[in-house]
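In the working numbering, the protein residues as written are 189 to 654.
All C-beta atoms in this analysis are idealised placements derived from N, C-alpha and C, irrespective of residue type, glycine included.
In this text the structure is predicted, and so the values were computed from the model without any measurement.
Only one structure is covered here, and it is reproduced in the block below.
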């Protein structure tokens, strides 16, 4: 069959970071290709409340007048500036650190689910550097009031078992500190490491000065550090990587957002599971986005994926219908792909073991329990493990021709888009809240209808069960 072509959405992760860089810069910047979805909108609104000016130009472009370094909140005795992150964990973690590097009082709050997602791994180090937090309900969780008077320089450790966004936030706050800041990774495990590369790339693009060093953590605390090119750090072990950021000015300029590998994963997976090839344009195969790992994971499962040669920045990636086999894969570096890979695994021969993602319990939903329970409704046996999933694939027998599946999305955009993939195996998928895709991919259902040949618009049903 002839392939169907669709466009990748702009990267949500890069959109957050570029908006922040332009807001911190002195002077005027032009940012293009920003994802117009609820999460970046939250980031933009909070940056606006803290002093930056955003002029929309259409099609995801903004003219931005930055604050020249320091975000500003309310003065003494005044109500703190409201910083409503809604359900955006990225906005919450990145901006908590950025606001702490500013001046004034801010109230950080969001939707009920956000108030159950921990923040103490970030607020603890920020407290050591001079920020003060007053937690309204539970220590280490939003909602909280931040009293900021800038950050001190010095040295601080940070554990990343829960989220790499803690480190990304502190790295982007560090240029505003009163002196050089050294950050060393501590704890037991590092998750979502590739997103640190996106943060460092943004800082370098905006003219921020930093250096990265490595050492062997097995050699003890006195082992010497050696400077490395930050692009060469593909993974990290606690005690083995440190960052040194010098006070720097963010440079205004013109910046563009690349295509999103996370959003593209559902479109490419549809090409693998469906009956016709899918071509997704606008992706960078050399991207630092962690979810580029879909190429390697899907290929290891036997998927036919091809990257168009000869184009430097944005290429087309094609996916063909493929017979899949189970794999054992550590997804700690790309946890957002887990719901997608879980559906691919359901159609694979043999077992698939997904490891290294215990922190998915504290995402928008419990992304270990959610795929397990929803795939069970499709007849797939999935075992929850402490750090992931064991999926018993059905291979060629995974056919759902005409079967009506009423599924819950758990108020999670990634669950909604991954469960839509069951239509590629013939199911009549009915999701309780298909609109949640607006968090990261507002045009998803239009793209989905295009690649399904005008079919497959997920029906909405209301339910009190999710």
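Of the residues the options, the one placed nearest residue i, counting alpha carbons only
i: residue 242; options: 362, 260, 216; result: 216
i: residue 320; options: 304, 349, 285; result: 285
i: residue 596; options: 617, 582, 238; result: 617
i: residue 357; options: 275, 255, 231, 269; result: 231
i: residue 214; options: 606, 479, 256; result: 256
i: residue 351; options: 552, 613, 485; result: 552
i: residue 248; options: 235, 199, 211; result: 199
i: residue 521; options: 380, 341, 259, 335; result: 380
i: residue 556; options: 567, 541, 566; result: 541
i: residue 281; options: 371, 261, 328; result: 328
i: residue 419; options: 341, 400, 634, 585; result: 400
i: residue 270; options: 288, 290, 632, 238; result: 238
i: residue 290; options: 311, 272, 334; result: 334
i: residue 312; options: 301, 347, 303; result: 347
i: residue 637; options: 608, 624, 628; result: 608
i: residue 411; options: 304, 427, 422; result: 427
i: residue 278; options: 227, 300, 309; result: 227
i: residue 510; options: 459, 259, 353, 229; result: 459
i: residue 433; options: 464, 371, 414, 470; result: 371
i: residue 506; options: 455, 478, 517; result: 455
Exposure label - residue i; buried when at least 16 CB within 10 Å
i: residue 385; result: buried
i: residue 474; result: exposed
i: residue 129; result: Because the chain is modelled from 189 through 654, residue 129 falls outside the range shown and cannot be assessed.
i: residue 189; result: exposed
i: residue 382; result: buried
i: residue 587; result: exposed
i: residue 524; result: buried
i: residue 201; result: buried
i: residue 203; result: buried
i: residue 325; result: exposed
i: residue 404; result: exposed
i: residue 288; result: buried
i: residue 650; result: Caution applies to residue 650, whose pLDDT of 34 falls short of 50 and renders its modelled position unreliable; the value that the coordinates give is listed next. Looking at its Cβ environment, which holds fewer than 16 other Cβ atoms inside 10 Å, residue 650 is exposed.
i: residue 590; result: exposed
i: residue 592; result: exposed
i: residue 210; result: buried
i: residue 197; result: buried
i: residue 652; result: A caution first: residue 652 carries a pLDDT of 37, below 50, which makes its placement in the model unreliable, though a value can still be read off. Answer is exposed; the Cβ neighbour count stays below 16.
i: residue 647; result: With a pLDDT of 42 at residue 647, under the threshold of 50, the modelled position of that residue is not reliable, and the figure given next carries that caveat. Burial call: exposed.
i: residue 655; result: Outside the displayed range of the chain (189 to 654) lies residue 655, so it cannot be described from this structure.
i: residue 488; result: exposed
i: residue 585; result: exposed
i: residue 497; result: exposed
Test item: CB-CB of residue i and residue j under 9 angstroms
i: residue 339; j: residue 376; result: no
i: residue 472; j: residue 451; result: no
i: residue 192; j: residue 639; result: yes
i: residue 390; j: residue 222; result: no
i: residue 416; j: residue 406; result: no
i: residue 519; j: residue 467; result: no
i: residue 535; j: residue 461; result: yes
i: residue 582; j: residue 529; result: no
i: residue 632; j: residue 603; result: no
i: residue 513; j: residue 492; result: no
i: residue 345; j: residue 369; result: no
i: residue 373; j: residue 429; result: yes
i: residue 245; j: residue 364; result: no
i: residue 635; j: residue 195; result: yes
i: residue 515; j: residue 504; result: no
i: residue 601; j: residue 626; result: yes
i: residue 268; j: residue 302; result: no
i: residue 378; j: residue 437; result: no
i: residue 599; j: residue 349; result: no
i: residue 431; j: residue 355; result: yes
Span of the alpha helix (DSSP H) around residue i
i: residue 229; result: 226-237
i: residue 257; result: Careful: residue 257 lies outside any alpha helix (DSSP H) and carries neither H nor E.
i: residue 353; result: 353-361
i: residue 600; result: That residue, residue 600, is in no alpha helix (DSSP H); it is neither H nor E in DSSP.
i: residue 655; result: Missing from the structure shown is residue 655; the chain here goes from 189 to 654 and no further.
i: residue 281; result: 277-288
i: residue 563; result: 557-564
i: residue 391; result: 382-393
i: residue 316; result: 308-316
Near the ligand COA: residue i beta-carbon under 8 angstroms from a heavy atom
i: residue 609; result: No copy of the ligand COA occurs in the structure displayed, which carries no ligand at all.
Start and end residues, beta strand (DSSP E) containing residue i
i: residue 408; result: Run containing residue 408: none; DSSP gives neither H nor E here.
i: residue 508; result: 503-508
i: residue 268; result: Taken as a continuous stretch (DSSP letters only), residue 268 belongs to no beta strand (DSSP E), as it is neither H nor E.
i: residue 451; result: From DSSP, residue 451 is part of no beta strand (DSSP E) but of the alpha helix (DSSP H) over 449-461.
Contact the segment 245-254 vs the segment 277-295: 3+ CB pairs below 8 angstroms: no
Inter-stretch contact at 8 angstroms, needing at least 3 Cβ pairs: the segment 606-625 / the segment 319-334: no
The segment 540-548 contacting the segment 575-586, beta-carbon criterion three pairs below 8 angstroms: yes
Stretch pair the segment 393-402 + the segment 438-445: three plus CB contacts closer than 8 angstroms: yes
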